[in-house]
Amino acid sequence: MSSVKNFQVTFDCADPVRLARFWAEVLGYVAPTPEESEEPVDWFACTDPSGVGPRLLFQRVPEGKVVKNRVHLDVRVGTGLVGEERLAVLEAECARLVALGAVRGTLLLADGVNESCQNMQDVEGNEFCLD
Numbered sequence: 013m014s015s016v017k018n019f020q021v022t023f024d025c026a027d028p029v030r031l032a033r034f035w036a037e038v039l040g041y042v043a044p045t046p047e048e049s050e051e052p053v054d055w056f057a058c059t060d061p062s063g064v065g066p067r068l069l070f071q072r073v074p075e076g077k078v079v080k081n082r083v084h085l086d087v088r089v090g091t092g093l094v095g096e097e098r099l100a101v102l103e104a105e106c107a108r109l110v111a112l113g114a115v116r117g118t119l120l121l122a123d124g125v126n127e128s129c130q131n132m133q134d135v136e137g138n139e140f141c142l143d
């Protein structure tokens, strides 16, 4: 049996610093201050200060996003909550993230199998869920 490997999640993007700072705020990660420069930054990362979560790397690419993500992050803010209590937590976190530049998507209500979750987009249009 093989051991669990360390990994990072890499995002292609237009503005690595902006996107890294957004996700650092969302997740409570740390994003270092980039050196002041006239040149655009080609990559930027943020990390979990506890060392538990994966490093997130944001790399500049020339092309923009044109289709739905094949992989997305689920931000687990409502774990263990159900009904109105879960909806209230999802709404509060959604409002916080909208203030950071996220875009609210569809609210998927509990259906007897899955609990409610809120679809969203980050500051570059990448989809993610509040779960």
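Using our numbering, read the sequence shown as starting at 13 and increasing by one per residue. By construction, the Cβ of each residue, glycine as well, lies at the ideal position given by its N, Cα and C atoms.
Pair within 7 Å by beta-carbon distance, Asp143 and Arg88 | Looking up residue 143 in the sequence shown gives position 131. Looking up residue 88 in the sequence shown gives position 76. Their beta carbons are under 7 Å apart, which means Asp143 touches Arg88 by this criterion.
Let me know if Val110 comes out buried or exposed under the rule of 16 or more other beta-carbons within 10 Å of its beta-carbon.
-> Position 98 of the sequence shown, counted from the first residue, corresponds to residue 110. Its Cβ having fewer than 16 others within 10 Å, Val110 is exposed.
Output the distance between the C-alpha atoms of Thr45 and Val79, rounded to the nearest integer angstrom.
-> Position 33 of the sequence shown, counted from the first residue, corresponds to residue 45. Position 67 of the sequence shown, counted from the first residue, corresponds to residue 79. For Thr45 and Val79, the distance between alpha carbons rounds to 31 Å.
For Asn131 versus Asn81, is the C-beta distance shorter than 7 Å?
-> Counted from its first residue, the sequence shown places residue 131 at position 119. Counted from its first residue, the sequence shown places residue 81 at position 69. Contact flag unset, no.
Touching by the beta-carbon criterion (3+ pairs, under 8 Å), the region 51 to 66 and the region 17 to 37 | yes
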